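Engineer:
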Amino acid sequence: RTYIGTGKVKEAQELLELKDCCTIVFDAELTPGQQKALENAFNKKLIQDDFLGGQDSEIKVIDRTALILDIFAQHARTREGKLQVDLALHEYRKPRLTRMWTHLERQSGAGGVGLRGPGESQLEIDKRLVRDRIITLKKKINQVQQQRAIHRKGRSRTGLPILALVGYTNAGKSTMLNYLTKAGVMAESMLFATLDPTTRKVKLPGHKTHPEVLLTDTVGFIQKLPTQLVAAFRATLEEVREADVLVHVVDVSNPTWVKQERSVRSVLADIDAIDKPIVTVFNKVDLLDSLEADYLRFEAAKHDKQVAVSSLHGDGMPEFVAVVEEALLGLLVPIEAIVPYSNGEEMNMIHEMGNVESLEYRAEGTHVVALVPQSLASRLERYKVVKDDPLSLRNGENEDGVDWVALGRGRHK
101 RTYIGTGKVK
111 EAQELLELKD
121 CCTIVFDAEL
131 TPGQQKALEN
141 AFNKKLIQDD
151 FLGGQDSEIK
161 VIDRTALILD
171 IFAQHARTRE
181 GKLQVDLALH
191 EYRKPRLTRM
201 WTHLERQSGA
211 GGVGLRGPGE
221 SQLEIDKRLV
231 RDRIITLKKK
241 INQVQQQRAI
251 HRKGRSRTGL
261 PILALVGYTN
271 AGKSTMLNYL
281 TKAGVMAESM
291 LFATLDPTTR
301 KVKLPGHKTH
311 PEVLLTDTVG
321 FIQKLPTQLV
331 AAFRATLEEV
341 READVLVHVV
351 DVSNPTWVKQ
361 ERSVRSVLAD
371 IDAIDKPIVT
381 VFNKVDLLDS
391 LEADYLRFEA
401 AKHDKQVAVS
411 SLHGDGMPEF
421 VAVVEEALLG
431 LLVPIEAIVP
441 YSNGEEMNMI
451 HEMGNVESLE
461 YRAEGTHVVA
471 LVPQSLASRL
481 ERYKVVKDDP
491 LSLRNGENED
501 GVDWVALGRG
511 RHK
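Taking my numbering, the leading residue of the sequence shown gets 101, the next gets one more, and so forth.
1) Does the region 435-453 come close enough to the region 415-424 that 3 or more CB-CB pairs lie under 8 Å?
2) Measure the C-alpha to C-alpha separation of R231 and L169 and round it to an integer number of angstroms.
3) Who are the near neighbours of I378 in its chain, counting only those whose CB is closer than 7 Å to its CB and skipping five residues on each side?
4) Starting from T281, follow its DSSP beta bridges and name the residues at the other end.
5) Bridge partners of S458, per DSSP?
6) Please name the residue in R164, T281, P195 and G444 whose C-alpha comes closest to that of L329.
7) For a test of the three-state rule: what should DSSP assign to N443, helix, strand or coil?
8) Quick check for students: name the residue ranges of the alpha helix (DSSP H) that lie wholly in the region 121-192, counting only runs of 4 or more.
9) Mapping DSSP to helix, strand and coil, what is H348?
10) So V469 and S478 are in contact, right, with Cβ under 8 Å, and what is the actual spacing, rounded?
11) Whose C-alpha, out of Q323, A400 and K303, is nearest the C-alpha of M453?
12) Can you give the Cα-Cα distance for E129 and P473, rounded to whole angstroms?
13) How many whole angstroms separate the CB atoms of E342 and R252, which I take to be in contact at a CB cut-off of 8 Å?
14) In this structure, how does DSSP classify Y395 when only helix, strand and coil are distinguished?
15) Roughly how many angstroms lie between the CA atoms of D226 and N143, to the nearest whole one?
16) One question on the structure: do L223 and L197 come within less than 8 Å of each other, judged by their Cβ atoms?
17) Between the C-alpha atoms of T281 and L315, what's the straight-line distance to the nearest angstrom?
18) Measuring alpha carbon to alpha carbon, tell me which residue in D127, I171, D186 and K145 is nearest V161.
19) Between the region 388-401 and the region 360-375, do three or more beta carbon pairs fall short of 8 Å?
20) Within its chain, find whatever has a CB closer than 6 Å to the CB of M200; leave out the 5 residues flanking it on each side and keep chain order.
21) With the cut-off set at 8 Å, would you say V59 and V409 are in Cβ contact?
22) Could you give the first and the last residue of the continuous alpha helix (DSSP H) run that contains E464?
23) By how many angstroms is the C-alpha of A271 removed from the C-alpha of S392?
24) According to DSSP, which residues form a beta bridge with S410?
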(Lines of atoms letter the chains of each structure in order from A; the text may use other names.)
(Lines give C-alpha, C1' and ligand atoms only; values in the text may rest on other atoms or scores of the structure.)
Protein backbone atom coordinates (compact mmCIF):
# COMPACT_ATOMS: atom_id res chain seq x y z
CA ARG A 101 0.00 0.00 0.00
CA THR A 102 2.87 2.39 0.79
CA TYR A 103 5.45 0.61 -1.45
CA ILE A 104 7.74 0.33 1.60
CA GLY A 105 6.96 -1.12 5.02
CA THR A 106 5.81 0.87 8.05
CA GLY A 107 9.27 0.62 9.60
CA LYS A 108 10.91 2.20 6.55
CA VAL A 109 8.21 4.89 6.50
CA LYS A 110 9.02 5.76 10.12
CA GLU A 111 12.76 5.70 9.37
CA ALA A 112 12.27 8.04 6.38
CA GLN A 113 10.09 10.33 8.53
CA GLU A 114 12.86 10.65 11.13
CA LEU A 115 15.43 11.33 8.40
CA LEU A 116 13.20 14.03 6.90
CA GLU A 117 12.91 15.77 10.28
CA LEU A 118 16.64 15.42 10.91
CA LYS A 119 17.64 16.92 7.55
CA ASP A 120 14.75 19.43 7.51
CA CYS A 121 13.59 18.25 4.06
CA CYS A 122 10.24 18.88 2.42
CA THR A 123 10.49 16.40 -0.50
CA ILE A 124 11.22 12.69 -0.74
CA VAL A 125 12.07 11.04 -4.08
CA PHE A 126 11.54 7.33 -4.78
CA ASP A 127 13.68 5.67 -7.45
CA ALA A 128 10.68 3.70 -8.68
CA GLU A 129 7.32 4.21 -10.35
CA LEU A 130 4.66 4.67 -7.69
CA THR A 131 0.99 4.08 -8.33
CA PRO A 132 -1.34 6.98 -7.51
CA GLY A 133 -2.60 5.03 -4.49
CA GLN A 134 0.90 4.40 -3.16
CA GLN A 135 1.88 8.03 -3.66
CA LYS A 136 -1.27 9.19 -1.83
CA ALA A 137 -0.75 6.76 1.05
CA LEU A 138 2.88 7.86 1.47
CA GLU A 139 1.92 11.54 1.50
CA ASN A 140 -0.74 10.85 4.13
CA ALA A 141 1.79 8.93 6.23
CA PHE A 142 4.46 11.64 6.05
CA ASN A 143 1.94 14.46 6.60
CA LYS A 144 -0.08 12.79 9.39
CA LYS A 145 0.92 15.48 11.88
CA LEU A 146 0.11 18.24 9.40
CA ILE A 147 -3.35 16.75 8.74
CA GLN A 148 -4.06 16.49 12.48
CA ASP A 149 -2.97 20.09 13.12
CA ASP A 150 -4.78 21.42 10.04
CA PHE A 151 -7.71 22.79 12.07
CA LEU A 152 -5.34 24.29 14.64
CA GLY A 153 -3.71 26.58 12.08
CA GLY A 154 -0.34 24.83 11.95
CA GLN A 155 2.36 26.43 9.83
CA ASP A 156 4.30 23.23 8.92
CA SER A 157 5.05 22.77 5.25
CA GLU A 158 3.63 19.79 3.41
CA ILE A 159 6.02 16.96 2.54
CA LYS A 160 5.79 16.04 -1.13
CA VAL A 161 6.38 12.52 -2.47
CA ILE A 162 7.87 12.31 -5.97
CA ASP A 163 8.57 9.15 -7.92
CA ARG A 164 11.12 8.48 -10.64
CA THR A 165 8.77 9.42 -13.48
CA ALA A 166 7.83 12.80 -11.95
CA LEU A 167 11.51 13.68 -11.45
CA ILE A 168 12.43 12.82 -15.05
CA LEU A 169 9.45 14.78 -16.38
CA ASP A 170 10.47 17.79 -14.28
CA ILE A 171 13.99 17.68 -15.79
CA PHE A 172 12.49 17.36 -19.27
CA ALA A 173 10.20 20.34 -18.67
CA GLN A 174 13.20 22.51 -17.69
CA HIS A 175 15.16 21.57 -20.84
CA ALA A 176 12.35 21.76 -23.42
CA ARG A 177 13.07 24.66 -25.76
CA THR A 178 11.46 23.95 -29.12
CA ARG A 179 7.76 23.65 -29.89
CA GLU A 180 8.09 19.91 -30.51
CA GLY A 181 9.91 19.31 -27.23
CA LYS A 182 7.37 21.30 -25.25
CA LEU A 183 4.47 19.42 -26.85
CA GLN A 184 6.01 16.06 -26.05
CA VAL A 185 6.79 16.99 -22.45
CA ASP A 186 3.30 18.51 -22.00
CA LEU A 187 1.69 15.29 -23.24
CA ALA A 188 3.78 13.15 -20.90
CA LEU A 189 2.94 15.42 -17.95
CA HIS A 190 -0.80 15.27 -18.64
CA GLU A 191 -0.68 11.49 -19.01
CA TYR A 192 1.09 11.30 -15.66
CA ARG A 193 -1.27 13.70 -13.88
CA LYS A 194 -4.52 12.23 -15.19
CA PRO A 195 -4.90 9.49 -12.53
CA ARG A 196 -3.57 11.78 -9.77
CA LEU A 197 -6.21 14.55 -9.80
CA THR A 198 -7.22 14.49 -6.12
CA ARG A 199 -7.58 17.13 -3.39
CA MET A 200 -6.90 19.95 -5.86
CA TRP A 201 -10.30 21.67 -5.71
CA THR A 202 -11.82 20.69 -2.36
CA HIS A 203 -13.48 24.13 -2.08
CA LEU A 204 -15.51 23.29 -5.21
CA GLU A 205 -16.63 19.84 -4.16
CA ARG A 206 -19.68 19.74 -6.42
CA GLN A 207 -21.48 22.23 -8.60
CA SER A 208 -24.99 23.11 -7.49
CA GLY A 209 -28.01 22.32 -9.59
CA ALA A 210 -29.40 25.14 -11.68
CA GLY A 211 -33.08 24.55 -11.09
CA GLY A 212 -33.51 24.47 -7.32
CA VAL A 213 -34.83 21.87 -4.93
CA GLY A 214 -36.72 19.01 -6.57
CA LEU A 215 -35.92 20.11 -10.11
CA ARG A 216 -32.30 19.11 -10.73
CA GLY A 217 -29.75 17.18 -8.78
CA PRO A 218 -26.16 18.23 -8.15
CA GLY A 219 -23.98 18.78 -11.23
CA GLU A 220 -20.72 17.10 -12.00
CA SER A 221 -17.99 17.33 -9.39
CA GLN A 222 -14.94 19.50 -9.89
CA LEU A 223 -12.81 16.34 -10.11
CA GLU A 224 -14.90 15.14 -13.05
CA ILE A 225 -14.45 18.53 -14.75
CA ASP A 226 -10.69 18.37 -14.22
CA LYS A 227 -10.51 14.87 -15.69
CA ARG A 228 -12.52 15.94 -18.71
CA LEU A 229 -10.28 18.97 -19.26
CA VAL A 230 -7.14 16.85 -18.99
CA ARG A 231 -8.60 14.26 -21.35
CA ASP A 232 -9.46 16.94 -23.91
CA ARG A 233 -6.00 18.46 -23.56
CA ILE A 234 -4.37 15.06 -24.17
CA ILE A 235 -6.42 14.59 -27.35
CA THR A 236 -5.35 18.06 -28.59
CA LEU A 237 -1.69 17.40 -27.80
CA LYS A 238 -1.76 14.05 -29.60
CA LYS A 239 -3.17 15.72 -32.71
CA LYS A 240 -0.42 18.35 -32.66
CA ILE A 241 2.29 15.71 -32.13
CA ASN A 242 0.85 13.73 -35.03
CA GLN A 243 1.33 16.84 -37.18
CA VAL A 244 4.94 17.02 -35.98
CA GLN A 245 5.30 13.35 -36.84
CA GLN A 246 4.06 14.01 -40.36
CA GLN A 247 6.47 16.92 -40.75
CA ARG A 248 9.37 14.74 -39.63
CA ALA A 249 8.27 12.04 -42.08
CA ILE A 250 8.41 14.64 -44.88
CA HIS A 251 11.91 15.67 -43.75
CA ARG A 252 13.05 12.04 -43.62
CA LYS A 253 11.65 11.46 -47.10
CA GLY A 254 13.58 14.47 -48.37
CA ARG A 255 16.76 13.17 -46.77
CA SER A 256 16.21 9.72 -48.25
CA ARG A 257 16.06 11.25 -51.72
CA THR A 258 19.63 12.43 -51.29
CA GLY A 259 20.69 8.80 -50.91
CA LEU A 260 23.08 9.68 -48.08
CA PRO A 261 23.30 7.10 -45.28
CA ILE A 262 21.94 8.18 -41.90
CA LEU A 263 23.85 7.58 -38.68
CA ALA A 264 21.97 8.04 -35.39
CA LEU A 265 23.84 8.75 -32.16
CA VAL A 266 22.16 6.78 -29.38
CA GLY A 267 23.17 6.09 -25.81
CA TYR A 268 22.55 6.70 -22.15
CA THR A 269 21.91 10.26 -21.09
CA ASN A 270 25.08 12.31 -20.52
CA ALA A 271 27.20 9.82 -22.51
CA GLY A 272 28.67 12.52 -24.78
CA LYS A 273 26.52 12.21 -27.92
CA SER A 274 26.15 15.96 -28.46
CA THR A 275 29.87 16.47 -27.88
CA MET A 276 30.63 13.92 -30.60
CA LEU A 277 28.17 15.64 -32.98
CA ASN A 278 29.84 18.99 -32.30
CA TYR A 279 33.33 17.57 -32.89
CA LEU A 280 32.41 15.94 -36.19
CA THR A 281 30.12 18.62 -37.63
CA LYS A 282 30.79 21.85 -35.67
CA ALA A 283 27.01 21.95 -35.14
CA GLY A 284 27.24 24.02 -31.96
CA VAL A 285 24.42 22.21 -30.14
CA MET A 286 24.29 22.44 -26.35
CA ALA A 287 26.60 19.84 -24.77
CA GLU A 288 26.55 20.03 -20.98
CA SER A 289 27.31 17.55 -18.22
CA MET A 290 23.67 17.18 -17.24
CA LEU A 291 20.80 14.75 -17.66
CA PHE A 292 18.73 15.08 -20.86
CA ALA A 293 20.47 18.17 -22.22
CA THR A 294 19.18 17.12 -25.67
CA LEU A 295 15.45 16.61 -26.19
CA ASP A 296 15.03 17.34 -29.90
CA PRO A 297 16.96 15.46 -32.60
CA THR A 298 19.53 17.45 -34.57
CA THR A 299 20.71 16.28 -38.01
CA ARG A 300 23.84 17.55 -39.72
CA LYS A 301 25.73 16.57 -42.85
CA VAL A 302 29.28 15.43 -42.16
CA LYS A 303 32.09 14.52 -44.54
CA LEU A 304 34.01 11.53 -43.23
CA PRO A 305 37.74 11.58 -44.08
CA GLY A 306 37.62 8.01 -45.40
CA HIS A 307 37.90 6.45 -48.84
CA LYS A 308 35.90 3.22 -48.77
CA THR A 309 32.27 4.38 -48.82
CA HIS A 310 30.14 7.51 -49.06
CA PRO A 311 32.09 10.76 -48.84
CA GLU A 312 29.20 12.30 -46.86
CA VAL A 313 26.72 10.99 -44.28
CA LEU A 314 23.90 12.47 -42.20
CA LEU A 315 24.53 12.37 -38.44
CA THR A 316 21.57 12.66 -36.04
CA ASP A 317 21.81 13.41 -32.32
CA THR A 318 18.88 11.93 -30.37
CA VAL A 319 17.43 12.10 -26.87
CA GLY A 320 19.38 10.18 -24.25
CA PHE A 321 18.01 6.91 -22.88
CA ILE A 322 17.77 5.95 -19.24
CA GLN A 323 17.28 2.78 -17.22
CA LYS A 324 13.62 1.87 -16.72
CA LEU A 325 12.45 4.51 -19.19
CA PRO A 326 8.89 5.55 -18.18
CA THR A 327 6.21 4.35 -20.58
CA GLN A 328 4.77 7.86 -20.83
CA LEU A 329 8.05 9.08 -22.31
CA VAL A 330 8.27 6.26 -24.83
CA ALA A 331 4.74 7.08 -26.03
CA ALA A 332 5.20 10.87 -26.06
CA PHE A 333 8.59 10.84 -27.78
CA ARG A 334 7.67 8.39 -30.53
CA ALA A 335 8.28 11.08 -33.18
CA THR A 336 11.83 11.50 -31.88
CA LEU A 337 12.47 7.77 -31.51
CA GLU A 338 11.39 7.24 -35.11
CA GLU A 339 14.62 8.97 -36.12
CA VAL A 340 16.42 6.03 -34.52
CA ARG A 341 14.26 3.46 -36.30
CA GLU A 342 14.80 5.12 -39.67
CA ALA A 343 18.61 5.32 -39.34
CA ASP A 344 20.85 3.06 -41.42
CA VAL A 345 23.54 2.64 -38.74
CA LEU A 346 23.31 3.27 -34.99
CA VAL A 347 26.33 4.73 -33.18
CA HIS A 348 25.97 3.60 -29.56
CA VAL A 349 27.95 6.05 -27.39
CA VAL A 350 28.95 4.61 -23.99
CA ASP A 351 30.37 6.69 -21.13
CA VAL A 352 33.14 4.38 -19.85
CA SER A 353 34.09 6.87 -17.11
CA ASN A 354 30.86 5.95 -15.33
CA PRO A 355 31.36 2.98 -12.96
CA THR A 356 28.02 1.49 -14.07
CA TRP A 357 28.65 1.81 -17.83
CA VAL A 358 28.09 -1.92 -18.46
CA LYS A 359 24.64 -1.69 -16.88
CA GLN A 360 23.89 1.48 -18.87
CA GLU A 361 24.91 -0.26 -22.11
CA ARG A 362 22.45 -3.07 -21.40
CA SER A 363 19.70 -0.54 -20.64
CA VAL A 364 20.19 1.21 -23.99
CA ARG A 365 20.08 -2.07 -25.88
CA SER A 366 16.89 -2.95 -24.00
CA VAL A 367 15.26 0.32 -25.12
CA LEU A 368 16.44 -0.28 -28.71
CA ALA A 369 14.78 -3.69 -28.58
CA ASP A 370 11.56 -2.08 -27.30
CA ILE A 371 11.42 0.28 -30.31
CA ASP A 372 12.37 -2.48 -32.81
CA ALA A 373 15.78 -1.01 -33.68
CA ILE A 374 18.10 -3.65 -32.22
CA ASP A 375 18.54 -5.44 -35.57
CA LYS A 376 20.26 -2.46 -37.22
CA PRO A 377 24.06 -2.32 -37.59
CA ILE A 378 25.40 -0.91 -34.32
CA VAL A 379 28.82 0.70 -33.85
CA THR A 380 29.76 0.82 -30.15
CA VAL A 381 31.84 3.86 -29.18
CA PHE A 382 33.53 3.77 -25.76
CA ASN A 383 33.63 7.49 -25.03
CA LYS A 384 35.45 9.62 -22.42
CA VAL A 385 38.59 7.45 -22.28
CA ASP A 386 40.46 10.66 -21.43
CA LEU A 387 38.89 10.48 -17.96
CA LEU A 388 40.38 7.03 -17.30
CA ASP A 389 43.91 6.33 -16.12
CA SER A 390 46.35 5.47 -18.91
CA LEU A 391 46.53 1.74 -18.12
CA GLU A 392 42.75 1.30 -18.10
CA ALA A 393 42.36 3.40 -21.27
CA ASP A 394 45.00 1.33 -23.12
CA TYR A 395 43.30 -1.90 -22.05
CA LEU A 396 39.92 -0.63 -23.29
CA ARG A 397 41.43 0.37 -26.65
CA PHE A 398 43.02 -3.07 -26.96
CA GLU A 399 39.73 -4.84 -26.18
CA ALA A 400 37.82 -2.63 -28.65
CA ALA A 401 40.37 -3.34 -31.40
CA LYS A 402 39.76 -7.09 -31.02
CA HIS A 403 36.06 -6.77 -31.86
CA ASP A 404 34.29 -5.59 -34.97
CA LYS A 405 32.33 -2.34 -34.78
CA GLN A 406 33.89 -1.21 -31.51
CA VAL A 407 36.21 1.73 -30.90
CA ALA A 408 37.48 3.76 -27.91
CA VAL A 409 37.53 7.55 -28.34
CA SER A 410 37.48 10.89 -26.58
CA SER A 411 34.92 13.03 -28.38
CA LEU A 412 36.03 16.10 -26.41
CA HIS A 413 39.66 15.98 -27.56
CA GLY A 414 39.27 13.94 -30.75
CA ASP A 415 41.37 10.96 -29.66
CA GLY A 416 40.51 7.80 -31.63
CA MET A 417 38.41 9.57 -34.27
CA PRO A 418 40.36 8.07 -37.24
CA GLU A 419 39.61 4.62 -35.86
CA PHE A 420 35.96 5.63 -35.42
CA VAL A 421 35.74 6.67 -39.09
CA ALA A 422 37.27 3.34 -40.16
CA VAL A 423 34.76 1.35 -38.06
CA VAL A 424 31.83 3.39 -39.42
CA GLU A 425 33.01 2.79 -42.98
CA GLU A 426 33.08 -0.96 -42.35
CA ALA A 427 29.49 -0.77 -41.08
CA LEU A 428 28.41 1.31 -44.09
CA LEU A 429 29.94 -1.21 -46.49
CA GLY A 430 27.17 -3.61 -45.53
CA LEU A 431 24.63 -1.14 -46.94
CA LEU A 432 26.19 -1.07 -50.42
CA VAL A 433 25.79 -3.50 -53.30
CA PRO A 434 28.30 -4.06 -56.15
CA ILE A 435 27.36 -2.94 -59.68
CA GLU A 436 28.98 -3.03 -63.10
CA ALA A 437 27.31 -0.81 -65.65
CA ILE A 438 27.88 1.15 -68.84
CA VAL A 439 26.30 4.55 -68.37
CA PRO A 440 25.67 6.60 -71.55
CA TYR A 441 27.50 9.92 -71.75
CA SER A 442 24.14 11.68 -71.98
CA ASN A 443 23.26 10.46 -68.45
CA GLY A 444 25.72 12.51 -66.46
CA GLU A 445 23.33 12.75 -63.49
CA GLU A 446 23.63 9.02 -62.79
CA MET A 447 27.43 9.20 -62.90
CA ASN A 448 27.36 12.14 -60.51
CA MET A 449 25.16 10.16 -58.09
CA ILE A 450 27.56 7.21 -58.25
CA HIS A 451 30.45 9.49 -57.25
CA GLU A 452 28.40 11.25 -54.55
CA MET A 453 26.71 8.25 -52.96
CA GLY A 454 29.00 5.31 -53.67
CA ASN A 455 32.56 4.11 -53.87
CA VAL A 456 33.97 3.88 -57.41
CA GLU A 457 36.43 1.04 -57.89
CA SER A 458 37.20 1.50 -61.60
CA LEU A 459 36.26 3.76 -64.53
CA GLU A 460 36.75 3.16 -68.24
CA TYR A 461 35.57 5.44 -71.02
CA ARG A 462 34.25 3.42 -73.96
CA ALA A 463 32.55 4.30 -77.23
CA GLU A 464 29.07 3.45 -75.91
CA GLY A 465 29.50 5.11 -72.51
CA THR A 466 31.33 5.06 -69.19
CA HIS A 467 32.08 1.59 -67.89
CA VAL A 468 31.96 1.78 -64.07
CA VAL A 469 32.48 -0.78 -61.31
CA ALA A 470 31.37 0.55 -57.94
CA LEU A 471 29.63 -0.04 -54.62
CA VAL A 472 26.37 1.93 -54.37
CA PRO A 473 23.19 1.97 -52.23
CA GLN A 474 20.42 -0.40 -53.23
CA SER A 475 18.18 2.47 -54.35
CA LEU A 476 20.79 3.69 -56.82
CA ALA A 477 21.55 0.15 -57.96
CA SER A 478 17.88 -0.28 -58.91
CA ARG A 479 18.03 2.96 -60.89
CA LEU A 480 21.12 1.74 -62.78
CA GLU A 481 19.61 -1.66 -63.55
CA ARG A 482 18.95 -0.76 -67.20
CA TYR A 483 22.64 0.03 -67.75
CA LYS A 484 23.86 -3.10 -66.03
CA VAL A 485 26.48 -5.21 -67.84
CA VAL A 486 25.10 -8.72 -68.40
CA LYS A 487 27.72 -11.44 -68.36
CA ASP A 488 27.55 -14.43 -70.72
CA ASP A 489 25.24 -16.98 -69.14
CA PRO A 490 26.04 -20.62 -70.07
CA LEU A 491 22.51 -21.63 -69.09
CA SER A 492 21.01 -19.26 -71.68
CA LEU A 493 23.28 -20.76 -74.37
CA ARG A 494 22.02 -24.24 -73.56
CA ASN A 495 18.44 -22.98 -73.86
CA GLY A 496 19.04 -21.91 -77.49
CA GLU A 497 20.57 -18.44 -77.15
CA ASN A 498 23.84 -17.95 -79.07
CA GLU A 499 26.85 -15.85 -78.13
CA ASP A 500 25.41 -12.82 -79.94
CA GLY A 501 22.45 -12.78 -77.56
CA VAL A 502 19.94 -14.02 -80.21
CA ASP A 503 17.53 -16.70 -79.07
CA TRP A 504 17.01 -18.65 -82.34
CA VAL A 505 14.28 -20.84 -80.82
CA ALA A 506 12.24 -17.78 -79.88
CA LEU A 507 12.99 -16.22 -83.29
CA GLY A 508 11.56 -19.29 -85.05
CA ARG A 509 8.38 -19.03 -83.03
CA GLY A 510 8.01 -15.30 -83.85
CA ARG A 511 8.56 -14.13 -80.28
CA HIS A 512 12.04 -12.67 -80.51
CA LYS A 513 12.26 -8.91 -80.22
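Quick reminder that beta carbons are idealized off the backbone N, C-alpha and C, glycines included. Only a predicted model underlies this, so the values are computations on that prediction, with no experimental measurement involved.
Structural biologist: A quick look at the data gives this:
1) no
2) 19 Å
3) L346, H348 and K405
4) For T281, which the question treats as bridged, DSSP gives no partner whatsoever.
5) V469
6) R164
7) coil
8) 132-142, 144-148 and 164-175
9) strand
10) Contact flag wrong, Cβ pair sits at about 17 Å.
11) K303
12) 45 Å
13) 5 Å
14) helix
15) 25 Å
16) yes
17) 8 Å
18) D127
19) no
20) Bear in mind that a pLDDT of 49 at M200, under 50, signals an unreliable position, so the number given afterwards is only what the model happens to contain. Excluding residues within five positions, none has a Cβ falling inside 6 Å.
21) Since the first and last residues shown for the chain are 101 and 513, residue 59 lies out of range.
22) No alpha helix (DSSP H) holds E464; DSSP gives it neither H nor E.
23) The question names Ser, but residue 392 is Glu in the sequence shown. E392 and A271: Cα-Cα distance of roughly 18 Å.
24) D415
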